[in-house]
Each structure stands twice: as C-alpha cells, then as structure tokens.
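Everything on this sheet refers to the single structure shown next.
There are 2 protein chains.
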Amino acid sequence: MILTVTLNTALDITYRVPALRPHTSHRVSEVTERPGGKGVNVARVLAALGHEVTVTGFAGGTTGRVLRDRLAEVPGVLDALVPVSGTTRRTVAVVDERSGGTTQLNEPGPVIGHAEWSAFQEAYEDLLASASAVALCGSLPPGVPVGAYASLARTARAAGVPVLLDTSGAALRRGVAGRPDVLKPNAEELAELTGSHEPLRATQDARRRGAGTVVASLGPQGVLAVTPEGRWRAVPPAHLHGNPTGAGDSLVAGLLAGLVERLPWPDRLTRAVALSAATVLSPVAGEFDRPAYEELLGRVAVTAEANAA
Amino acid sequence: MILTVTLNTALDITYRVPALRPHTSHRVSEVTERPGGKGVNVARVLAALGHEVTVTGFAGGTTGRVLRDRLAEVPGVLDALVPVSGTTRRTVAVVDERSGGTTQLNEPGPVIGHAEWSAFQEAYEDLLASASAVALCGSLPPGVPVGAYASLARTARAAGVPVLLDTSGAALRRGVAGRPDVLKPNAEELAELTGSHEPLRATQDARRRGAGTVVASLGPQGVLAVTPEGRWRAVPPAHLHGNPTGAGDSLVAGLLAGLVERLPWPDRLTRAVALSAATVLSPVAGEFDRPAYEELLGRVAVTAEANAA
Chain A
1 MILTVTLNTA LDITYRVPAL RPHTSHRVSE VTERPGGKGV NVARVLAALG
51 HEVTVTGFAG GTTGRVLRDR LAEVPGVLDA LVPVSGTTRR TVAVVDERSG
101 GTTQLNEPGP VIGHAEWSAF QEAYEDLLAS ASAVALCGSL PPGVPVGAYA
151 SLARTARAAG VPVLLDTSGA ALRRGVAGRP DVLKPNAEEL AELTGSHEPL
201 RATQDARRRG AGTVVASLGP QGVLAVTPEG RWRAVPPAHL HGNPTGAGDS
251 LVAGLLAGLV ERLPWPDRLT RAVALSAATV LSPVAGEFDR PAYEELLGRV
301 AVTAEANAA
Chain B
1 MILTVTLNTA LDITYRVPAL RPHTSHRVSE VTERPGGKGV NVARVLAALG
51 HEVTVTGFAG GTTGRVLRDR LAEVPGVLDA LVPVSGTTRR TVAVVDERSG
101 GTTQLNEPGP VIGHAEWSAF QEAYEDLLAS ASAVALCGSL PPGVPVGAYA
151 SLARTARAAG VPVLLDTSGA ALRRGVAGRP DVLKPNAEEL AELTGSHEPL
201 RATQDARRRG AGTVVASLGP QGVLAVTPEG RWRAVPPAHL HGNPTGAGDS
251 LVAGLLAGLV ERLPWPDRLT RAVALSAATV LSPVAGEFDR PAYEELLGRV
301 AVTAEANAA
C-alpha cells in the first residue's frame, strides 16, 4: 500500500454565501464538510485511481472523531491515525457565490505532546513495513519538532521505502536534509527555500540541498522536474479555468502512483499534470474530473530540458 | 424554575484574526466555542443571577452533542433539549483584532420533522407544569410551522405560565397573535412588525396586536415599555462603549427575573437595562460584568411617559 502522512489533519468546512462582506451578518446557504489535510487529499485521489492507501498522522477531540467518521466513508482509504488529547483543527472556506472567490480561515492545530510524537513515530515505523511508498504532507502542528520530516524521511529510507515530501517554510527547509527521494514544492515554496525566483536554477538548487528529484509545480505553466535521469517540463494543453484547490495534492498523488508503478519520468509527469489539471476543472473543490483526466492524458506536452550552464 | 425555549440552538464559534480580508487566507489566532441560541444565552444570565433555569428546544448530530456537553458545564442550567435527527447549526463570528468588527456566518438549522415537532410540544407541556415563566426565543428552524410561537404561547397561557416572546420576521408577526404576556422587539423588529419607525407609536401598535406588555429595546436609548400599568422609559447612564452581542438576551433575562420576583415595572426595567448595559461593557461577548451591573443598578434613569394622543 501507499502511506500518506498528515500530521496536521483538518476537517475542511465549506460555506457558500452570496457575497462575503466584512462586519456584516451572513446566512450560509450551503455547508459541506470533508476530511482534509494534504495527505488525506492525496490518499483520496490515490484511492479513486484504484490504489490501496493508508492514512496516518494525528486526530483528536470532537473534530477528530468527525474526521475519522467521514474518512471511514471514503472507499479504499485505511485509517491509521494516531489519537491525541488535543482537538483536530477545522478549516473554513467561505465561497462567494457571485465572484467565486474563497476566503480561508484556518484554526491552529492541536499541541502534540512528547509521548504522542513518540507514539506516532512507532506507528509510522510499523506501517512502513508494508508500504511501497510514503508521502509526508503539509504543515506541522505545534509541539512536533521542526526537523520532523527529516527524521521521518530517514526512517523511510532506512526501511527501503521511497519518500516524497510536500511541505513549506521551516518544515521544508529542515525536511530536505532528510534526503527525500522526491520533493514537490510550488513556485513560492521553491523561492522561499532557495532565494531564487528563476525556476530551473531554484529547482536545481533545491535538488543540491538533498532531494533525489525535485518536481516544481508552476501553476498554469505545469511542472519542471529535475531527476537523476534527466530534466523535463510537462505542461497542460491550455490555460484552465476552474478551482485550483487540491491541484497540488492531485499532482502528488499522480507522482506517487507513477512511482509505485515504476513508470518512466515522462509518463509519471504526464499522469501527474493530467490529474492536477482535471482537479482544477472539477466542479467540486479537491476532486478530479475523471473524463477530463482520461482525455488530458493524451494532451499533456512533455519536453526534455537541455542542460543548464 | 424559569423555562427558556430555543428551537434553533447553535454552537457559537468565535475566531479572532488580525483583520478579515475577503479572498485571502487567514490563520485563526484564537478559537472559542460556547452553547448558543438566544434562549440558551438568556438561561446562562439567569443562572448567573441565581435562578433555576431549564433549557429546551432541539439538539442533534455531532454539533448537538458538543452543544450539550458544553451546556452541562454551565452551573445552574438544566438541559431538557429534545433530540432530532438533523444536525444543530454552528455560527462563526470572525472578530477583527485591529478594528474590533465582527463578521457573522450562520449555518442553516436542521430540518425538524413532523414527529420531532410533536415530541417537542409534549415535552414543553410537561416542563410548563413546574415553570414560573417561559421565554420563547429566536428564529425557527426549517420544518417548524411559522405559527409555532403563537401555539406555544397559548399552551403556556392555558397552563397559567407567563410567557415572553423574543423573535423576528414572520415568527414574530404570527407569534404575537398567541397573546404573549411580554413582547421584546428591538427597533428594527418593531418597525418590521408595525411599519412605523416612531418608537412610541410602534410600541403601542405592537401591543394592540396582542401582547400584554411591549418592551422595545432601542440600543443606546435604553428601553420603552408599554404595560397595562403605565408607560416607562429606562435609559443607561451614558453611551456605552463595548460589544453589544448578547445585550438583548441579558435584557430578556432581566425582564424574566423581575417578572418571577413580582417586582414593579420600574424596578424590572432598571434591572433589565443594567444587565444589558453590563453585557455591552463585558470583555467577553455575551457575558455580563457583575461589578458594572451592581453599580449600574443605581444609575439607570426610569421616567414615566405621558399618555400619547
């Protein structure tokens, strides 16, 4: 199975309102709730592609209970979340029906105790024994050491399980030192990590910091991959209109699926970019549009990049 | 005991953010949760004043469970909520730390089934047997007939229990026909009910529609009461700076406390206005500042109103 780690899981709540006006009162016309956090989203996409997936990380309190109840309703995803005494966070996305704009409110995560972090590390090591790949996804809740991802990446490498890291800020800066097999930053994370806004230079720099492969997601410009086997750009067919929520998580799911199926890099990138684009096109935030995905698979342009100076 | 009815209970969530900017992402710096809905707020104030209070209405789903857990932590309040299959709503108040402004997001309530409404009416009638007064508070959830408050007021009157009504819109328009002993509209509700923006005229008109007494809450201008024993204005000492959230619910609590203690109207109004003002002054939304309350009791100005033409 593929293992995804979400240390800062969330219950993602979406409110639809006609238009958000600060300092006024709104009747919410529609409420939706789903289990969230990057690794949970990645798992949902992998399961939809037919992969066996296990989700681990932390869950606690009333919101944690709701999260696990909802997760149990997702076919193909196994729940191996570790209980904590704190309360899992909620995120509230307020979607304006008129403009389509989204206002995001993210609660802080629960504080993780020392014993809880140790319990997680043990559970993680046990789960690695039957994992074909592992993805370390998203932010760290308070109480988890900032070097957590470096340590989890090393444990995975010691167990012979390829590891993908998708995070930001200090967790990314420290995590890359754990030498993950694949790093998946977006343009902003890449610039923050390397100080460079030039994608090829920054991607190469990120790789030199410890990652085996860096796949930089550049939004409408697709992805740029610097791998031990070569460099490629993969670009969706045209500018896509839709909701980019979850597009990065679908990209990660595509990269993991291609990794465990041992596809050559150009095929992995095609799949990942098609999934990501099909997520932008889906009417439901974070889900992918399957017919669009099938169709996009034949329309992603992959080109080899020449060696830079 | 005093009975308060909240058909559309809520879990009130407050998020503090530096400043709410539509279509951007925010980290919430502080999350607070408490059981809410007007009748629940009224009950909390009554209990703090030393009265025995029972809360009824509906609660269901995960949010209903959290609401009841939180309610159990409030000393002096008895939970007699009726379970429903739907999920109790949440409200989210987003408070700007910089400006102090509040943006309110209210989920719709659960749809109440016919059998659930019948079960409530039975429970309500049983509770009236030991009630010294009842308050019917707030909006009606979907599925409850718009004439619900008129019917509940009639049941209370038949049981010899004085009844106060505090609601708005169609529920108010229809509810007043049930001849509640006390009606507590604010200026906006009064204008909506009567079509008049002139407080004395509108208050008299509201009384003619069926209420025994009308106590109109006019914000910083205090209250105007038209009762069978006379007319009074009661005004707090000065313009109060603070958060008006819950000031109306504290006013209702003061009126109920004065009613069951059979205080003369001027004393009831003094108490109600002092409580309401002490709620505006409290640093915690919806709580009252007890020292301020004690001090304000001596500083509310009550004046008899001459008969209007």
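Chains as they are written, first to last, in the UniProt record's numbering: chain A, 1 to 309; chain B, 1 to 309. All residues carry an ideal CB built from backbone N, CA and C; glycine is no exception.
For residue i, which three-state DSSP category applies?
{"i": "residue 106 of chain B", "result": "strand"}
{"i": "residue 298 of chain A", "result": "coil"}
{"i": "residue 147 of chain B", "result": "coil"}
{"i": "residue 10 of chain A", "result": "strand"}
{"i": "residue 126 of chain A", "result": "helix"}
{"i": "residue 36 of chain B", "result": "strand"}
{"i": "residue 288 of chain B", "result": "coil"}
{"i": "residue 83 of chain A", "result": "strand"}
{"i": "residue 111 of chain B", "result": "coil"}
{"i": "residue 270 of chain B", "result": "helix"}
{"i": "residue 61 of chain A", "result": "helix"}
{"i": "residue 133 of chain B", "result": "strand"}
{"i": "residue 116 of chain A", "result": "helix"}
{"i": "residue 262 of chain A", "result": "coil"}
{"i": "residue 69 of chain A", "result": "helix"}
{"i": "residue 304 of chain B", "result": "strand"}
{"i": "residue 89 of chain B", "result": "strand"}
{"i": "residue 98 of chain A", "result": "coil"}
{"i": "residue 48 of chain A", "result": "helix"}
{"i": "residue 309 of chain B", "result": "Residue confidence for residue 309 of chain B is low, a pLDDT of 43 falling below 50, so the modelled location carries little weight; the figure read from the coordinates is stated next. Of the three classes helix, strand and coil, the one that applies to residue 309 of chain B here is coil, per DSSP."}
{"i": "residue 165 of chain A", "result": "strand"}
{"i": "residue 280 of chain A", "result": "helix"}
{"i": "residue 325 of chain B", "result": "Because chain B spans 1 through 309 in this model, residue 325 of chain B falls outside it and cannot be assessed."}
{"i": "residue 19 of chain B", "result": "coil"}
{"i": "residue 248 of chain A", "result": "helix"}
{"i": "residue 230 of chain B", "result": "strand"}
Find the nearest neighbour of residue i within the set the options, judged by alpha-carbon distance.
{"i": "residue 58 of chain A", "options": "A:159, A:141, A:235 and A:238", "result": "A:141"}
{"i": "residue 128 of chain A", "options": "A:262, A:289 and A:5", "result": "A:5"}
{"i": "residue 24 of chain B", "options": "A:27, A:211 and A:20", "result": "A:20"}
{"i": "residue 66 of chain A", "options": "B:69, B:67 and B:62", "result": "B:62"}
{"i": "residue 284 of chain B", "options": "B:243, B:160, B:76 and B:7", "result": "B:243"}
{"i": "residue 124 of chain B", "options": "B:138, B:111 and B:154", "result": "B:154"}
{"i": "residue 9 of chain B", "options": "B:280, B:205, B:84 and B:2", "result": "B:84"}
{"i": "residue 82 of chain B", "options": "B:105, B:54 and B:298", "result": "B:54"}
{"i": "residue 354 of chain A", "options": "A:139, A:296 and A:3", "result": "As displayed, chain A neither begins before 1 nor continues past 309, which places residue 354 of chain A out of reach and without an answer."}
{"i": "residue 163 of chain B", "options": "B:247, B:272, B:268 and B:212", "result": "B:212"}
{"i": "residue 111 of chain B", "options": "B:135, B:94, B:86 and B:93", "result": "B:86"}
{"i": "residue 78 of chain B", "options": "B:91, B:47, B:93 and B:64", "result": "B:47"}
{"i": "residue 229 of chain B", "options": "B:202, B:199 and B:264", "result": "B:264"}
{"i": "residue 51 of chain B", "options": "B:301, B:38, B:75 and B:37", "result": "B:75"}
{"i": "residue 276 of chain B", "options": "B:266, B:300 and B:207", "result": "B:300"}
{"i": "residue 22 of chain A", "options": "A:56, A:262 and A:96", "result": "A:96"}
{"i": "residue 279 of chain A", "options": "A:248, A:258, A:304 and A:261", "result": "A:248"}
Name, please, each residue of chain B whose Cβ falls closer than 7 Å to the Cβ of residue i.
{"i": "residue 15 of chain A", "result": "105"}
Can you pull the chain A neighbours of residue i, defined as C-beta to C-beta under 7 Å?
{"i": "residue 101 of chain B", "result": "22 and 23"}
{"i": "residue 111 of chain B", "result": "In chain order: nothing, as chain A lies at least about 13 Å away."}
{"i": "residue 92 of chain B", "result": "92"}
{"i": "residue 66 of chain B", "result": "62"}
So residue i contacts chain B; which residues on that side make the cut at Cβ distance below 9 Å?
{"i": "residue 26 of chain A", "result": "103, 104, 105 and 106"}
{"i": "residue 144 of chain A", "result": "Residues of chain B passing the Cβ test: none, with the nearest at roughly 17 Å."}
What does DSSP give as the partner residue(s) for residue i in the beta ladder?
{"i": "residue 41 of chain A", "result": "Partner(s): none; residue 41 of chain A has no beta bridge."}
{"i": "residue 25 of chain A", "result": "B:104"}
{"i": "residue 159 of chain A", "result": "Answer is none; residue 159 of chain A lacks a bridge partner."}
{"i": "residue 217 of chain B", "result": "B:186 and B:223"}
{"i": "residue 3 of chain B", "result": "B:54 and B:134"}
{"i": "residue 178 of chain A", "result": "Its beta-bridge partners do not exist; DSSP assigns none."}
{"i": "residue 78 of chain B", "result": "B:54"}
For residue i, which residues in chain A fall below 9 Å Cβ to Cβ?
{"i": "residue 32 of chain B", "result": "Within 9 Å Cβ-Cβ: nothing; residue 32 of chain B doesn't reach chain A, min ~11 Å."}
{"i": "residue 227 of chain B", "result": "Those within 9 Å of residue 227 of chain B in chain A number zero; the least Cβ separation is about 31 Å."}
Are three or more beta carbon pairs between the stretch 114-130 of chain A and the stretch 96-103 of chain A nearer than 8 Å? The stretch 114-130 of chain A vs the stretch 96-103 of chain A: no contact.
Cβ contact check for the stretch 229-240 of chain A and the stretch 28-43 of chain A: 3 or more pairs under 8 Å: The stretch 28-43 of chain A and the stretch 229-240 of chain A do not touch, with fewer than three beta-carbon pairs separated by less than 8 Å.
With three or more C-beta pairs closer than 8 Å as the rule, is the stretch 215-222 of chain A touching the stretch 7-21 of chain A? Output reads no: the stretch 215-222 of chain A does not touch the stretch 7-21 of chain A.
Just checking, does the stretch 29-44 of chain A make contact with the stretch 251-267 of chain A on the three C-beta pairs under 8 Å criterion? When C-beta atoms of the stretch 29-44 of chain A are compared with those of the stretch 251-267 of chain A, three or more pairs fall below 8 Å, so the two segments count as touching.
Is the stretch 134-152 of chain B touching the stretch 167-178 of chain B in the sense that three or more CB pairs, one from each, lie closer than 8 Å? Contact holds: three or more Cβ-Cβ distances are below 8 Å.
Could you tell me whether the stretch 287-306 of chain A touches the stretch 104-120 of chain B, where touching means 3 or more Cβ pairs closer than 8 Å? No, they do not touch.
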